[in-house]
Amino acid sequence: MSRKIAVIDDDEVFQLIIRKQLEMKGLECDILKFYNGQEAIDFFNNESDVKNMPDLVLLDVNMPVKDGWGFLEEFKELPDDMKEGINLYMVTSSVIQSDIDRATQHGDVKEFVSKPITNDKLEEIFLAAATS
Amino acid sequence: MTGADLLSIVKDPILMIERSGLVVDLHVNDEVDLAIVDLQLLGKKIQHFDFLRDLYDCVIQSIDDNDSMTTYFSYVYGAQLKHYEVLVEPKDGERAIALIKEVTKKKQRENELLDYADLIQNIYKGTASWTGHAYLDHLTIQLGKALKSDCTAIFLLDDSKTTLKTVSICDNGVISKNQIGKRDSSPFDIIASNGLLEIRSGFEKQFPDFFMLKDRQLTGIVAVPVFYNQFINKPIGMMAAMYTEAPESFRQVDKILSIFSTRAATELERMENLKKLEKSEQKFRALYNNTPALFNSISNEGVVIEVGDFFLEKTGYLREEVVGQSCFQFVTQKSLAYAISKVLPKFKRQGFCKDVPLQCKKKNGEVLDVLFSATIVKGEDGVFEKIVTNLNDVTELRRIENELKEREARVVEAANRYQSLFDNSPVGIIIHSNGIIKHVNSEAIRLAKGATIFDFIGKEAMSFVHPDSKKVAQERISNIYNTKLPHRNEQKFICVDGSIIEVEAMGTLVEYDGVPAVQIAFYDISERKEAQRQILENDEKLKGLNDHLAKQNGQLEEFAHIASHNLRAPITNMMSLMKIKDDDPSPENEAFVWENIRKTIINLDETIVELNDVVKTSWELDKERRMLNIQGIIDKILESIGQEIKELKADIQVNLDEMPSIYYPKVYLESILQNLITNALKYRSQDRIPLVKVTAFHKEGIGYLTVEDNGLGIDLEKFGSKLFGLRKTFHENADARGVGLFITRAQVESMGGEISVESTVGKGSIFKITFGEL
Numbered sequence: 005m006s007r008k009i010a011v012i013d014d015d016e017v018f019q020l021i022i023r024k025q026l027e028m029k030g031l032e033c034d035i036l037k038f039y040n041g042q043e044a045i046d047f048f049n050n051e052s053d054v055k056n057m058p059d060l061v062l063l064d065v066n067m068p069v070k071d072g073w074g075f076l077e078e079f080k081e082l083p084d085d086m087k088e089g090i091n092l093y094m095v096t097s098s099v100i101q102s103d104i105d106r107a108t109q110h111g112d113v114k115e116f117v118s119k120p121i122t123n124d125k126l127e128e129i130f131l132a133a134a135t136s
Numbered sequence: 012m013t014g015a016d017l018l019s020i021v022k023d024p025i026l027m028i029e030r031s032g033l034v035v036d037l038h039v040n041d042e043v044d045l046a047i048v049d050l051q052l053l054g055k056k057i058q059h060f061d062f063l064r065d066l067y068d069c070v071i072q073s074i075d076d077n078d079s080m081t082t083y084f085s086y087v088y089g090a091q092l093k094h095y096e097v098l099v100e101p102k103d104g105e106r107a108i109a110l111i112k113e114v115t116k117k118k119q120r121e122n123e124l125l126d127y128a129d130l131i132q133n134i135y136k137g138t139a140s141w142t143g144h145a146y147l148d149h150l151t152i153q154l155g156k157a158l159k160s161d162c163t164a165i166f167l168l169d170d171s172k173t174t175l176k177t178v179s180i181c182d183n184g185v186i187s188k189n190q191i192g193k194r195d196s197s198p199f200d201i202i203a204s205n206g207l208l209e210i211r212s213g214f215e216k217q218f219p220d221f222f223m224l225k226d227r228q229l230t231g232i233v234a235v236p237v238f239y240n241q242f243i244n245k246p247i248g249m250m251a252a253m254y255t256e257a258p259e260s261f262r263q264v265d266k267i268l269s270i271f272s273t274r275a276a277t278e279l280e281r282m283e284n285l286k287k288l289e290k291s292e293q294k295f296r297a298l299y300n301n302t303p304a305l306f307n308s309i310s311n312e313g314v315v316i317e318v319g320d321f322f323l324e325k326t327g328y329l330r331e332e333v334v335g336q337s338c339f340q341f342v343t344q345k346s347l348a349y350a351i352s353k354v355l356p357k358f359k360r361q362g363f364c365k366d367v368p369l370q371c372k373k374k375n376g377e378v379l380d381v382l383f384s385a386t387i388v389k390g391e392d393g394v395f396e397k398i399v400t401n402l403n404d405v406t407e408l409r410r411i412e413n414e415l416k417e418r419e420a421r422v423v424e425a426a427n428r429y430q431s432l433f434d435n436s437p438v439g440i441i442i443h444s445n446g447i448i449k450h451v452n453s454e455a456i457r458l459a460k461g462a463t464i465f466d467f468i469g470k471e472a473m474s475f476v477h478p479d480s481k482k483v484a485q486e487r488i489s490n491i492y493n494t495k496l497p498h499r500n501e502q503k504f505i506c507v508d509g510s511i512i513e514v515e516a517m518g519t520l521v522e523y524d525g526v527p528a529v530q531i532a533f534y535d536i537s538e539r540k541e542a543q544r545q546i547l548e549n550d551e552k553l554k555g556l557n558d559h560l561a562k563q564n565g566q567l568e569e570f571a572h573i574a575s576h577n578l579r580a581p582i583t584n585m586m587s588l589m590k591i592k593d594d595d596p597s598p599e600n601e602a603f604v605w606e607n608i609r610k611t612i613i614n615l616d617e618t619i620v621e622l623n624d625v626v627k628t629s630w631e632l633d634k635e636r637r638m639l640n641i642q643g644i645i646d647k648i649l650e651s652i653g654q655e656i657k658e659l660k661a662d663i664q665v666n667l668d669e670m671p672s673i674y675y676p677k678v679y680l681e682s683i684l685q686n687l688i689t690n691a692l693k694y695r696s697q698d699r700i701p702l703v704k705v706t707a708f709h710k711e712g713i714g715y716l717t718v719e720d721n722g723l724g725i726d727l728e729k730f731g732s733k734l735f736g737l738r739k740t741f742h743e744n745a746d747a748r749g750v751g752l753f754i755t756r757a758q759v760e761s762m763g764g765e766i767s768v769e770s771t772v773g774k775g776s777i778f779k780i781t782f783g784e785l
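If you read the sequences in order, they're chains Y and C.
Each residue of the first sequence is one higher than the last, beginning at 5 in the working numbering.
Each residue of the second sequence is one higher than the last, beginning at 12 in the working numbering.
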């Protein structure tokens with residue numbers, strides 16, 4: 005079974021970089037691309053099969069239509085069995101303390117990671133998600 | 012003149028008597044001088060009649076001396092003793108003529124007078140050695156003798172004036188037991204009103220119930236009232252002589268009775284006074300020992316003779332420690348000096364002193380404040396006996412007096428202080444009672460712009476209260492009277508000159524001239540109120556300014572947030588790309604890196620342009636308002652997007668009839684209208700021809716602008732709170748950059764206005780701008 009990773013970010017270049025970094029580390033996976041929070045939450049709401057759930061989510065904060073916080077609000081309401089295998093990381097260029105605090109206090113966020121994310125860091129969280 | 016001649020002239024009997032005593036001639040009226048005729052003197056010698064011995068001697072003497080002489084004789088003729096006066100005239104050396112004149116009546120009067128004198132003498136003699144009841148008994152005995160009565164008595168009215176009692180009764184020379192009975196049935200009232208009562212017979216019938224008649228057979232009475240010497244109008248009783256058989260005449264009896272009654276009255280009065288004296292002496296003794304007055308008696312030398320129990324009790328001395336001592340050792344040095352220098356000289360002069368304040372020394376050394384009174388008591392002989400003194404303990408009185416004085420002083424002081432406070436108070440004070448002003452102080456006159464107190468006193472307190480404040484003032488007065496607690500309030504006050512000041516007034520319940528009154532203390536707070544109003548106004552302004560600054564601050568924060576994120580995001584991308592190239596510098600990777608660096612740089616440029624737009628339009632320095640023709644601005648915008656309108660066949664309806672112009676910064680109005688109109692077209696519905704309505708109007712002085720479209724509409728439940736935020740785009744529209752509405756809101760709010768939106772998804776939106784006051 006191949007791994008699934010969801011990248012929720014309106015920055016297309018970032019999406020490409022993540023793909024490239026995973027390739028370079030030899031980490032095979034399917035990448036689900038979402039350009040804003042709304043697209044992502046729609047996916048989670050509509051996908052009833054737990055097997056199709058990603059085991060790793062990289063979430064940006066500032067996005068149009070629905071930002072990272074808006075996504076988290078709705079993600080919280082998903083059934084526990086669906087969220088069980090999902091490891092959610094906030095990956096953002098924001099270095100504002102209030103954003104960091106808000107993220108780390110959120111029960112569904114595993115870690116707040118500042119951009120740029122390195123290959124090693126990406127590998128670390130990928131593997132952590134795989135073993136959880 | 013011959014003998015015959017003489018006889019014819021003289022009507023009285025005449026005798027011719029020789030030296031031998033022989034009656035040689037007799038001339039007598041047989042009808043008148045029966046007693047002389049009866050003697051049958053002719054031819055007889057007069058010396059043979061015992062009672063004529065004096066006449067015989069007188070005849071001899073007269074013949075011898077040849078001189079006229081007078082002599083007397085008396086003899087009993089029938090039952091009557093007759094008295095005669097005889098004038099003897101010598102005739103011729105051997106004979107004498109005797110002229111006989113009857114003087115029986117004259118002699119009787121003489122005898123009566125003698126008896127009367129004897130009687131008086133007897134009364135004095137008989138009573139001189141007696142006093143009291145013995146004296147009275149003696150009087151009744153003497154009276155009985157004098158009047159030859161069967162019963163004599165002295166009666167006295169008792170205190171109730173209803174009863175008559177005897178103080179002495181004498182029955183035929185013997186003293187009887189005293190009796191008592193009713194006044195009504197006695198002759199007392201008749202005696203009292205007439206001054207005398209004489210009844211010869213029938214007395215017992217006239218006063219059948221008179222108690223004296225109970226055991227006595229009495230038919231006649233002579234009685235007079237008894238008066239005290241001082242009180243001659245009101246008899247205290249009566250004195251009566253009563254008879255079993257009354258004599259033919261009561262002549263002289265009344266006089267005798269009067270004399271006796273006067274004597275009785277004198278004695279009765281003396282007895283009464285004695286009784287009173289005894290009583291008062293008893294009282295005095297009781298006072299001396301039992302009353303809480305400090306009686307002492309002092310000798311002429313100042314030595315204490317007697318001392319009252321109360322004095323001993325009060326001072327703590329024993330009787331033996333006082334009696335025999337100098338009275339001066341019981342007063343303080345100060346009082347002694349005062350007594351000797353001031354009191355004694357006057358006392359000696361007047362014989363008494365009264366209420367002299369002195370201080371006594373108690374045995375334990377304490378001082379007793381007393382009022383000293385003293386009087387000299389003289390004996391019956393008028394010689395100094397002792398000085399009776401009274402010391403009235405006024406220690407407690409003095410203490411209370413001093414306390415009262417102090418209290419009075421305090422009250423006076425408090426009153427003075429109050430008056431001074433009142434007059435010099437820095438606040439105005441008005442006292443009113445029953446709504447009428449009773450008193451004001453000078454500050455009140457000054458504050459209320461009056462001239463004198465008469466601008467206020469007697470006037471209604473409410474007449475100085477502004478109509479706006481009447482209710483609150485009336486409430487305050489009621490509260491003061493009801494709760495008796497001070498009440499404070501602010502009110503408008505009408506001055507004497509009609510001007511109005513604002514005052515803070517504190518009302519307190521006080522008593523003025525004995526009636527409840529309200530004391531209003533007040534001061535002018537007009538300036539303070541004005542300052543307060545200004546502060547509030549400024550506060551409002553500051554609040555507005557603060558709100559505005561907070562909004563701007565929020566916008567700045569939002570901007571900083573976005574700016575940091577949006578600028579940093581492309582840079583982090585480039586850092587990642589550089590790392591990828593470093594890690595694997597293969598040609599394939601290089602191409603990937605370059606391609607994405609290019610994209611990132613374009614992205615960065617766009618971001619910088621956007622941010623510049625925000626900075627430029629949101630915080631435009633030229634905020635100067637000017638009168639703008641709204642239609643002119645809209646025309647310019649429509650012209651710039653004319654091509655698009657034409658392509659979309661959009662219908663733009665503009666209605667500015669109500670508010671064709673506005674006083675507003677030009678750049679802002681252009682930006683606002685541009686954003687709203689282009690948004691309306693940008694988020695149009697594909698299902699229908701775009702319709703945009705622009706309307707400007709004003710209502711109650713406030714300007715409004717609405718831009719309505721029939722476009723996609725916004726789900727306000729989801730996005731309402733973020734609609735005007737930076738970088739919020741709610742449409743998956745390629746052009747949406749999330750900047751326009753942020754800038755529009757910033758501009759409207761920076762000019763003190765507001766922007767709001769009403770929207771229905773699928774139907775369209777209405778953006779409404781409130782410009783604020785025009």
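Built from N, CA and C at the ideal position, the CB exists for glycine as well.
So, with DSSP's three-state summary, where would you put residue i?
{"i": "residue 772 (chain C)", "result": "coil"}
{"i": "residue 69 (chain C)", "result": "helix"}
{"i": "residue 572 (chain C)", "result": "helix"}
{"i": "residue 477 (chain C)", "result": "coil"}
{"i": "residue 131 (chain Y)", "result": "helix"}
{"i": "residue 115 (chain C)", "result": "helix"}
{"i": "residue 660 (chain C)", "result": "coil"}
{"i": "residue 753 (chain C)", "result": "helix"}
{"i": "residue 702 (chain C)", "result": "strand"}
{"i": "residue 746 (chain C)", "result": "Annotation note: pLDDT 49 at residue 746 (chain C) (below 50); position unreliable, coordinate value reported separately. If DSSP states are grouped into helix, strand and coil, residue 746 (chain C) belongs with coil."}
Measure how close the beta-carbons of residue i and residue j come, nearest whole angstrom, since I'm counting them as under 8 Å.
{"i": "residue 8 (chain Y)", "j": "residue 19 (chain Y)", "result": "Between residue 19 (chain Y) and residue 8 (chain Y) the Cβ distance is about 15 Å, and since that is not below 8 Å, they are no contact."}
{"i": "residue 93 (chain Y)", "j": "residue 128 (chain Y)", "result": "No, residue 93 (chain Y) and residue 128 (chain Y) are not in contact; Cβ-Cβ is about 10 Å, not under 8 Å."}
{"i": "residue 361 (chain C)", "j": "residue 346 (chain C)", "result": "Not quite, the Cβ-Cβ distance comes to about 19 Å (not below 8 Å), so this is no contact."}
{"i": "residue 285 (chain C)", "j": "residue 254 (chain C)", "result": "Not quite, the Cβ-Cβ distance comes to about 34 Å (not below 8 Å), so this is no contact."}
I'd like to know whether the C-beta atoms of residue i and residue j end up nearer to each other than 8 Å.
{"i": "residue 671 (chain C)", "j": "residue 648 (chain C)", "result": "no"}
{"i": "residue 189 (chain C)", "j": "residue 177 (chain C)", "result": "yes"}
{"i": "residue 405 (chain C)", "j": "residue 381 (chain C)", "result": "yes"}
{"i": "residue 91 (chain Y)", "j": "residue 133 (chain Y)", "result": "yes"}
{"i": "residue 701 (chain C)", "j": "residue 661 (chain C)", "result": "yes"}
{"i": "residue 703 (chain C)", "j": "residue 692 (chain C)", "result": "yes"}
{"i": "residue 202 (chain C)", "j": "residue 236 (chain C)", "result": "yes"}
For residue i, which residues in the same chain have their Cβ closer than 7 Å to its Cβ, ignoring the five residues on either side in sequence?
{"i": "residue 490 (chain C)", "result": "498"}
{"i": "residue 503 (chain C)", "result": "477, 479, 480, 511, 513"}
{"i": "residue 5 (chain Y)", "result": "Note that residue 5 (chain Y) has pLDDT 49, beneath the 50 cutoff, so the model's placement of it is unreliable and the number below is only indicative. Result list for residue 5 (chain Y): empty, nothing under 7 Å."}
{"i": "residue 433 (chain C)", "result": "440, 452"}
{"i": "residue 365 (chain C)", "result": "384"}
Exposed or buried, which one is residue i when buried takes at least 16 other CB atoms within 10 Å?
{"i": "residue 770 (chain C)", "result": "buried"}
{"i": "residue 408 (chain C)", "result": "exposed"}
{"i": "residue 607 (chain C)", "result": "buried"}
{"i": "residue 94 (chain C)", "result": "buried"}
{"i": "residue 675 (chain C)", "result": "buried"}
{"i": "residue 119 (chain Y)", "result": "buried"}
{"i": "residue 487 (chain C)", "result": "buried"}
{"i": "residue 61 (chain C)", "result": "exposed"}
Take residue i and list the residues in its own chain whose beta-carbon comes closer than 6 Å to its own, dropping the five residues that flank it on each side.
{"i": "residue 584 (chain C)", "result": "611"}
{"i": "residue 112 (chain C)", "result": "23, 96"}
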